[in-house]
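Just below is one structure, and these are the notes that go with it.
Chains as they are written, first to last, in our numbering: chain F, 1 to 337; chain D, 1001 to 1337.
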């Protein structure tokens, strides 16, 4: 068939498709609510208005699909983070699991306190204690092995107060938002203070975010051979802390474009939101404000975990969207299967 | 319209499309050569066989599109690298451009030699001299400013022997290969020893590879404010060297999956090819061997730039594909416009 013949047939198909589907699609779009767990109100409206603006071809705020970069914090934004970051609860469970191979930990802080169940005592020893707990439990194995360890833990561990598996404590409205943005040709990235390998272990399955779209804190890796087979060994040395002012740096290193939409919940996300919402062209910044002591937790300016203080002021100054979890979200977690 | 009605109409459209396009498409596929700049032979056949295997749904070697990760070295693999890495030629031009603001360079090595046109003398001062030239010319500005500087240089600078703009010295057969893999739902990444920001400045336009799919060496960045506006300042400190054993590390940090296809041209790519071609499941490794002294350059085991020595042995041991540039490539550079 000639190219001309092919073009003609394509045009006929397009025409027929238009006639057959036109009205039906229009009706479907009008009736479909992409964000059913969001109550009608300012937050939902602001999201939908922004998406409508940047996807309106020919409009003044149109953004090409390749540039529709949306970045999401993880802890407290996509899943819960109380009473402690879940990755730290994983580390504590690992200390307990590894203790039989480390009899010396009985007399060695911060492990001794942890093993006696005195979490408060362990944490009171300061940042170096936390770093040591993380380094010890996140190194000394290959990246593939670590991925397996995290997967096993996520499949069996339960949250201390809700009793749910941790991956059931993702926020249903945010899952809908991720899907909604992707349906509008956004590329969704996670930009987390948590460990990049830890979050990748569940991000694709739970959030639909592939590993190459996860930006996080990292330890150094070493390419080496074990029995003739190459692997990437996780070392106990910090490589990069993707938090606070580190978030725009992590975004540039991994994405290399300025996002046009950013979603966070704490002061650790402030630089990321500032970076996103001072770019040229349209942009959108949103803070999830934890206001629901009954269904989730209520905390902000004075919380040890997920402190949101400067960020609340910046949101007011910048006209950013602040989600009132209690009133804006119809559901918190996904429905039980 | 009911969902049932919509489904029925969709089915009708699919049927009509099939009738109208079926035969035409089949003919087009049979006649279309996706790699016209590749001569028929083992290299071309090996590439096409691999792609056919991993895309054959239901076949034993089928790989899901999300896992079709292909990684490409840049210097010597996607564009030329003689007589010196083009990024280093950029750095030399920058030294000359900045010299009026740095009168002290007249008496300060390695700049004094460079400014006298004594490149050999500058390079003979060793690795610290090279690092200093790169650090000086690649820091002290924001990422956005650097992107503009590289863009201006690429638009005006000419290669010292060919007289071509540098971006005209990309390899036409490799451009076809990138397109061919993407048409088969591969995700193509550049994994370069060169600077991540330098390569991003032209990768999207020249290679169709967006910035988030460029992995490279990097300097440290700092998030800071200038006149109330945030920016990312490029610091003179090395962050990561994405070469040799660093390449699998860079791949894990950025992509988080093991590639199934890797393309390189030097010993600096060996670890990347080893990492790719020892994974479970189907994999493909290819070295571009520079054998064409007439149309490009001929060099391998003893070259200062792009040395390919251990890699040639590993390719023979591993049964990797080795492209003989002179005989396998019908064209080297894209046709002149």
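Ideal placement from N, C-alpha and C gives every residue a C-beta, glycine not left out.
These figures come from a predicted structure and were not determined experimentally.
field: Rounded Cβ spacing between residue 1087 of chain D and residue 1110 of chain D (contact assumed at less than 8 angstroms)
entry: Contact doesn't hold; Cβ gap of about 16 angstroms is too wide.
message: Am I right that residue 1277 of chain D and residue 1329 of chain D are in contact with their C-beta atoms under 8 angstroms? What's the rounded C-beta distance?
response: Incorrect: roughly 23 angstroms between the Cβ atoms, too far for contact.
message: Please classify residue 250 of chain F as buried or exposed, where buried requires at least 16 neighbouring CB atoms within 10 angstroms.
response: buried
message: Can you check whether the C-beta of residue 1022 of chain D is within less than 7 angstroms of a C-beta belonging to chain F?
response: Any answer about residue 1022 of chain D is weak, because its pLDDT of 46 lies below 50 and its placement is not dependable; what the coordinates show is given next. So, not an interface residue.
task: Quick one: give me the first and last residue of the alpha helix (DSSP H) that residue 1098 of chain D is part of.
output: 1086–1098
field: Nearest neighbour of residue 1185 of chain D, chosen from D:1325, D:1066 and D:1058 [CA to CA]
entry: D:1066
task: Using the Cα positions of residue 371 of chain F and residue 1129 of chain D, report the straight-line distance between them to the nearest angstrom.
output: With chain F covering 1 to 337 only, the question about residue 371 of chain F has no answer from this structure.
- request: Confirm, please, whether the CB-CB distance from residue 1306 of chain D to residue 1265 of chain D is below 7 angstroms.
  value: yes
query: residue 98 of chain F to residue 1211 of chain D, Cα distance in whole Å?
result: 41 angstroms
field: Length of the line joining the Cα atoms of residue 95 of chain F and residue 137 of chain F
entry: 7 angstroms
- request: May I ask you to report which of helix, strand or coil DSSP gives residue 1293 of chain D?
  value: coil
- request: For residue 290 of chain F, count neighbouring C-beta atoms within 10 Å of its own C-beta (all shown protein chains included) and say buried if the count is 16 or more, exposed if not.
  value: buried
- request: Compare the C-beta of residue 1320 of chain D against all C-beta atoms of chain F and say whether one is closer than 7 angstroms.
  value: no
message: Would residue 1245 of chain D pass as an interface residue toward chain F - the criterion being a Cβ-Cβ separation below 7 angstroms?
response: yes
- request: Anything in the region 1129–1149 of chain D with a Cβ closer than 8 angstroms to a Cβ of chain F? List those residues in chain order, please.
  value: 1143
query: Skipping 5 residues on each side, what residues in its chain have a beta carbon closer than 7 angstroms to that of residue 1245 of chain D?
result: 1271
task: Could you check if residue 161 of chain F is buried or exposed, using at least 16 other CB atoms within 10 Å of its CB as the buried criterion?
output: exposed
- prompt: In or out: residue 274 of chain F buried (at least 16 other Cβ within 10 Å) or exposed?
  reply: buried
- prompt: Where does residue 226 of chain F sit, in a helix, a strand or coil, going by DSSP?
  reply: strand
task: Report buried or exposed for residue 1064 of chain D, applying the criterion of at least 16 other Cβ atoms within 10 angstroms of its Cβ.
output: exposed
query: Does residue 1070 of chain D have its Cβ less than 7 angstroms from a Cβ in chain F?
result: no
query: Within 6 angstroms: the Cβ of residue 1268 of chain D and any heavy atom of the ligand HEM?
result: Ligands displayed in this structure: none; no statement on the ligand HEM is therefore possible.
query: Is residue 1044 of chain D closer than 7 angstroms to residue 1139 of chain D when the C-beta atoms are compared?
result: no
- prompt: Any idea if residue 223 of chain F is buried or exposed, counting beta-carbon neighbours within 10 angstroms, 16 or more meaning buried?
  reply: buried
Min CB distance residue 206 of chain F to chain D below 7 angstroms: no
- request: Find out if the Cβ-Cβ distance for the pair residue 1294 of chain D, residue 1332 of chain D is shorter than 7 angstroms.
  value: no
- prompt: At least one CB of chain F closer than 7 angstroms to the CB of residue 1203 of chain D: is that the case?
  reply: no
- prompt: Of all the CB atoms in chain D, is at least one closer than 7 angstroms to the CB of residue 181 of chain F?
  reply: no
field: Within chain F, partners of residue 1218 of chain D - CB distance below 8 angstroms
entry: 253
query: On the premise that residue 1074 of chain D lies in contact with residue 1149 of chain D, defined as a C-beta separation below 8 angstroms, what is that separation, rounded to the nearest angstrom?
result: 19 angstroms between Cβ atoms; not a contact.
- prompt: With 16 as the cutoff for other CB atoms within 10 Å, does residue 1080 of chain D come out buried or exposed?
  reply: buried
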